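Colleague: Numbering (UniProt numbering), first residue to last: 1 to 836.
1) What's the gap between the Cα of residue 541 and the Cα of residue 85?
2) On a Cα-Cα basis, can you pick out the residue from 300, 760, 667 and 817 that is closest to residue 736?
3) With burial defined as no fewer than 16 other Cβ atoms inside 10 Å of the residue's Cβ, what is the status of residue 487: buried or exposed?
4) For residue 95, collect the residues of the same chain with a Cβ closer than 6 Å to its Cβ; drop the 5 residues on either side in sequence, then sort them by chain order.
5) Please classify residue 251: does DSSP put it in a helix, a strand, or coil?
6) Could you name each continuous beta strand (DSSP E) segment of 3 residues or more that falls completely within the stretch 138–170, going from the start of the chain to the end?
7) Whole angstroms is fine: what's the gap from residue 833's alpha carbon to residue 787's?
8) Take residue 48 and list the residues in its own chain whose beta-carbon comes closer than 8 Å to its own, dropping the five residues that flank it on each side.
9) How should residue 81 be labelled, buried or exposed, when 16 other C-beta atoms within 10 angstroms of its C-beta is the threshold for buried?
10) Tell me whether residue 585 sits in a helix, a strand or coil according to DSSP, three-state version.
11) Would you call the stretch 741–759 and the stretch 655–672 in contact, with 3 or more CB pairs under 8 Å?
12) Residue range of the beta strand (DSSP E) that residue 458 falls in?
13) Please go through the same chain and pick out, in chain order, the residues whose beta-carbon is closer than 6 Å to the beta-carbon of residue 815, but skip the five residues on each side of it.
14) Apart from the five residues just before and just after residue 498, which ones in its own chain have a Cβ nearer than 6 Å to its Cβ?
15) Give me the DSSP bridge partner(s) of residue 239.
16) Exposed or buried, what is residue 218 when buried is set at 16 or more other beta-carbons lying within 10 Å of its beta-carbon?
17) Distance check for residue 563 and residue 344, CA to CA, integer angstroms please.
18) My assumption, with CB atoms under 8 Å, is that residue 764 sits in contact with residue 78. Please give the rounded CB distance.
19) Do residue 241 and residue 433 come within 8 Å of each other at the CB atom, strictly closer than that value?
20) For the 8 Å Cβ check, are there 3 or more pairs between the stretch 530–539 and the stretch 165–182?
21) Could you tell me if residue 262 is buried or exposed, where buried requires 16 or more neighbouring beta carbons within 10 angstroms of its beta carbon?
22) Give me whichever residues DSSP pairs with residue 186 in a beta bridge.
23) Could you pull out every residue in the same chain whose Cβ sits closer than 7 Å to the Cβ of residue 251, ignoring the five residues on either side in sequence?
24) Only counting the same chain, and skipping five residues up and downstream in sequence, which positions put a Cβ closer than 8 Å to that of residue 726?
25) Any idea which residues DSSP pairs residue 82 with across the strands?
26) Quick one: Cα of residue 454 to Cα of residue 146, how far?
27) Taking Cβ to Cβ, would you say residue 588 is nearer than 8 Å to residue 551?
28) Please work out which residues of its chain come closer than 8 Å, Cβ to Cβ, to residue 259, disregarding the five sequence neighbours upstream and downstream, and give them in chain order.
29) Tell me, please, which residues DSSP counts as bridged to residue 88.
30) Which word fits residue 226, buried or exposed, when buried means at least 16 other C-beta atoms lie within 10 angstroms of its C-beta?
31) When you compare the CB positions of residue 685 and residue 708, do they come within less than 8 Å of one another, or not?
32) In terms of residue numbering, what span does the alpha helix (DSSP H) encompassing residue 733 cover?
33) Could you give the distance in angstroms between the alpha-carbon of residue 347 and the alpha-carbon of residue 239?
34) Where does residue 131 land, buried or exposed, given buried means 16+ other C-beta within 10 angstroms?
35) Taking the beta carbon of residue 334 as the centre, do at least 16 other beta carbons fall within 10 Å, making it buried, or is it exposed?
36) Please work out which residues of its chain come closer than 7 Å, Cβ to Cβ, to residue 15, disregarding the five sequence neighbours upstream and downstream, and give them in chain order.
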């Protein structure tokens, strides 16, 4: 019977509707806490990043869930107790913006989308433990987000300060540095981000900068390299020196020699101090305002107004014209005694280092461009053999011999020069060696409604007072539609009855903090809540956290390579130090999946190349879509849906399904005595499948399953028939392997084979090692890169014997045709390459 004729007998929609209630009844994926606590079974914690509920599932969700499910189901087959939970990251701007547009409450949008996605996930057949479902916007969840904030506050990890912050003019809220895209726009709405002076809450992530950096060494073998590198680059550890510069007052109009407070800069090249000819302070830093003279203050204030209109990305651009204002002050070079004019400029950022730099224009292009713009001195102090930057206006950044550098003149070892400079600074009391980090504290305040309120009250008498834990959660007031519209401050500020409260410390009048928390706070600990999602006395059960944690494999997208992963790692270390957990890293292994694109481009409504997941499922069925996504490529690569064939996947599944119908031997029959070649193919497939899953080569796993289907069909059609026990053994293995990718088809096959459901609950097939031994292998012989012969040889053949056998083959002799054999490359037992 042809594939086309048989298609109607395998109704994908009917099959899906048949098995969904069976799975609901069996609940085969519920994790057993007692089994793990007692040590009865070894645990595996499988986690995929939980989604934001914006509409129904899309192709990206379909891919990551399909990949994730291979691992989770495989671990169950191997006898592990598997925790595989799912929930929703349900606070955030999209729901709030939708509520403003539709004059509704954000919860209306959020929870309607959650139910839509929940039904789609169940249809998609992913092996989630639905008994642990959670939503971060539930008061029962954000009560504990607030509790953890207070823990941070108690431990000195949460604090409030005034500073220049990233401001999104469209969403009317602040953004962490990580939420500003490379082009200086908001990651949410695309608006150009500006700067604004605000008092905000921060988490002290810098307190763990060194450990966050060092622990990446332990993760580099189990996380993909690009994610580890992204973390390292963001933390940005650099060694150098802190250098103290005394500050003179302006000579004209002031008392000569008057000294202001000294300032300290960080530099990775203290050895180039002799080449510093001026200093630059971030124009929008408080330091600039404190240094500027009265005469220069109006110019600085006008300049700062312009600076705050530019994003940090724009300010750091190398091709940006250099602008600045002289502050009327001078610094004293601590190694040469030279007076250095101090300028305010936009190419130095207030939150990097101390907000000030020493400018060495001969050896830094941005400093050189600034010097050129304002006719400042340029002095070469490292002779690299390149032309003098004073003449070419091209900075030299290579190594060389120190010149114009006092005691360093003639030294050509950079490391020795840096050590000597630090020693000189230390001896004079004007500096010391140190380590600096690019990482900044996490700005978590948001001036929006749909987030967890910050559990702090402000009292004129007592200052900042934490809300007592027995008064948590601080629930959001009921605001809808226009009342949610931001006006530069949080909408919560307009909820007068909610804002007005009593000080927990003195009992006097007080006001609630009107900011809400960044939604990354919610997702920085959700994996801990999953171990005990209904616990009412603590954020998580500490014994279960010790038993289940850390996560054995986390799967998600590259877009979270910095933000979410870094914050979750920070939370984990704080909770460890607070004694709540015993492990230091949340995710032992991390797998990043690629994107699903279409016709070579990211899917977009504006481009008209979007692919509707629901339509694909309706036309081809869940299993065909899942199989297509897993088979398409290695997990980390992008998938172009235009090149995919879900129809072809469906035909393959029908072929596999028909195999189950061809089996006529009894359940439980011994495969001993069955077709040896098929048994060998079956057991080799099982053994290879183990390595393929564990190395995340899921696409090759599908290929090997297809090969086994073909081998089984060939064995049946060649005469061994459906009664051969080797056929039953092979088809049962196919059903088990397909269960990891195409669960509906696998259940149908398992039932047709005479078994009770569910195939997902069986054990991994045992491999007979004797069947893995090959009697012979095919050795390919190439001459001038082209295959000329195939030889059946012993797997144990020696290199000498294989070479002799290949050179004696008649077809190889004809191909060589009397030419001189220059080299014979032998890779026993499968390849001989003859070079003539």
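Each residue gets a CB set at the ideal place from its N, CA and C atoms; glycine is no exception.
The structure displayed is predicted, hence computed values, not measured ones.
Modeller: Let me lay it out:
1) Along the chain shown, read from residue 1 onward, the residue named residue 541 stands at position 541. Along the chain shown, read from residue 1 onward, the residue named residue 85 stands at position 85. Cα-Cα distance, rounded: 16 Å.
2) Translated into the one-based positions of the chain shown, residue 736 becomes position 736. Answer by Cα proximity: 760.
3) Position 487 of the chain shown, counting from 1, holds the residue named residue 487. Residue 487 should be labelled exposed.
4) Residue 95 sits at position 95 when you count from the first residue of the chain shown. Once the five neighbours on either side are set aside, the close Cβ partners of residue 95 are 106, 109, 110 and 450.
5) The residue labelled residue 251 in the question sits at position 251 within the chain shown. Bear in mind that a pLDDT of 38 at residue 251, under 50, signals an unreliable position, so the number given afterwards is only what the model happens to contain. Of the three classes helix, strand and coil, the one that applies to residue 251 here is coil, per DSSP.
6) 158–168
7) If you number the chain shown from 1, residue 833 lands on position 833. If you number the chain shown from 1, residue 787 lands on position 787. Spanning the two alpha carbons is a distance of roughly 9 Å.
8) The count along the chain shown starts at 1 and reaches residue 48 at position 48. If we look at residue 48 and ignore the five residues flanking it on each side, its Cβ neighbours are 64, 65, 68, 86, 554, 555 and 556.
9) The residue you call residue 81 lines up with position 81 of the chain shown. With 16 or more other Cβ atoms within 10 Å, it is buried.
10) Residue 585 sits at position 585 when you count from the first residue of the chain shown. Coil.
11) yes
12) By one-based count along the chain shown, residue 458 stands at place 458. Looking at the DSSP string, the run of the beta strand (DSSP E) that includes residue 458 is 456–459.
13) Here residue 815 corresponds to residue number 815 of the chain shown, with the count starting at 1. Around residue 815: 783 and 788.
14) Here the question's residue 498 lines up with position 498 in the chain shown. Taken in chain order, the residues that qualify are 477.
15) Numbered from its first residue, the chain shown carries residue 239 at position 239. Paired residue(s): 435.
16) If you number the chain shown from 1, residue 218 lands on position 218. Flag for residue 218 reads exposed.
17) For this step, residue 344 is matched to residue 344 along the chain shown. For this step, residue 563 is matched to residue 563 along the chain shown. Rounded to the nearest angstrom, the two C-alpha atoms are 31 Å apart.
18) Looking up residue 764 in the chain shown gives position 764. Looking up residue 78 in the chain shown gives position 78. Sure, about 5 Å apart at Cβ, within 8 Å.
19) Your numbering for residue 433 matches position 433 in the chain shown. Your numbering for residue 241 matches position 241 in the chain shown. Yes, they are a contact pair.
20) no
21) As a first step, residue 262 must be located in the chain shown, where it is residue number 262. So residue 262 counts as exposed.
22) Working through the chain shown from its first residue, we reach residue 186 at position 186. Answer is 180.
23) Walking along the chain shown from the start, residue 251 turns up at place 251. Reliability fails at residue 251, whose pLDDT of 38 lies under 50, so the model's placement of it is uncertain and no value is given.
24) As a position in the chain shown, residue 726 is number 726, starting the count at 1. The answer, listed in chain order, is 671, 674, 675, 676, 678, 679, 682, 715 and 720.
25) Walking along the chain shown from the start, residue 82 turns up at place 82. Its beta-bridge partners are 44.
26) Taking the first residue of the chain shown as position 1, residue 454 is located at position 454. Taking the first residue of the chain shown as position 1, residue 146 is located at position 146. Using only the alpha carbons, I get a separation of about 7 Å.
27) For the purposes of this step, residue 588 is taken as the residue at position 588 of the chain shown. For the purposes of this step, residue 551 is taken as the residue at position 551 of the chain shown. Yes, the pair counts as a contact, with Cβ atoms nearer than the cut-off.
28) If you number the chain shown from 1, residue 259 lands on position 259. Note that residue 259 has pLDDT 44, beneath the 50 cutoff, so the model's placement of it is unreliable and the number below is only indicative. The residues are 246, 247, 248 and 249.
29) Translated into the one-based positions of the chain shown, residue 88 becomes position 88. Looking at the DSSP assignment, residue 88 forms a beta bridge with 135.
30) The residue you call residue 226 lines up with position 226 of the chain shown. Exposed, since its Cβ has fewer than 16 Cβ neighbours within 10 Å.
31) Mapped onto the chain shown, residue 685 falls at position 685. Mapped onto the chain shown, residue 708 falls at position 708. For residue 685 and residue 708, yes; Cβs fall inside 8 Å.
32) Here residue 733 is taken as the residue at index 733 of the chain shown, counted from 1. First-last of the alpha helix (DSSP H) with residue 733: 725–739.
33) For the purposes of this step, residue 347 is identified with residue 347 of the chain shown, where counting begins at 1. For the purposes of this step, residue 239 is identified with residue 239 of the chain shown, where counting begins at 1. In a straight line, the C-alpha of residue 347 is about 21 Å away from that of residue 239.
34) Translated into positions along the chain shown, residue 131 becomes position 131. Exposed.
35) Here residue 334 refers to the residue found at position 334 when the chain shown is read from its first residue. Buried is the call here.
36) Taking the chain shown and counting its residues from 1, the one referred to as residue 15 is at position 15. For residue 15, where only same-chain residues beyond five positions count, the Cβ hits under 7 Å are 744 and 748.
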